[in-house]
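Working notes for the structure below.
In our numbering, the protein residues as written are 319 to 421.
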C-alpha cells in the first residue's frame with residue numbers, strides 16, 4: 319500500500335508542476351488576447367498615418383511590422399473563439415459570444 323500512495327503522490331506533484339508551467343506558458347505566449355488586439359489596432363493606424371505623411375522606407379517597414387503583429391493577434395483571437403465554440407457547444411457559445419460583445 320505505501321508504494322501505491324508514493325506513486326500517486328509523485329503523480330500529483332508532477333501534475334501540479336505541469337499546471338504551473340502551462341499557466342506561465344499561457345500568460346507569456348498568449349497573454350490577454352483581447353487587450354493585445356486593442357493595443358495593436360491603434361498602432362496600425364498610427365503607422366499608416368506616419369507613412370501617409372512621410373512615405374519613407376523605414377515608415378513602410380514599420381507599417382508592415384505592426385500590420386503583421388495585428389494579423390498574428392487576430393489569428394490568436396480566431397483560434398481562441400474556435401476552441402471556445404468547440405468547448406461550449408454551438409448554442410452555449412453563441413450566447414457566450416453575445417455576452418462578451420455587449421461588455
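From the three backbone atoms N, C-alpha and C, an ideal C-beta is built for every residue, glycine too.
Going by DSSP in three states, residue i sits in which element: helix, strand or coil?
i	result
residue 319	Reliability of the predicted coordinates at residue 319 is poor, the pLDDT of 46 falling under 50, and the value obtained from them is presented with this limitation in mind. Coil at residue 319, not helix or strand.
residue 372	coil
Note the first and the last residue of the continuous alpha helix (DSSP H) segment covering residue i.
i	result
residue 350	Premise fails: residue 350 is in no alpha helix (DSSP H) and is neither H nor E.
residue 397	375-406
Would residue i and residue j be called neighbours here (beta carbons separated by less than 8 Å)?
i	j	result
residue 391	residue 333	no
residue 363	residue 388	no
residue 347	residue 395	no
residue 381	residue 371	no
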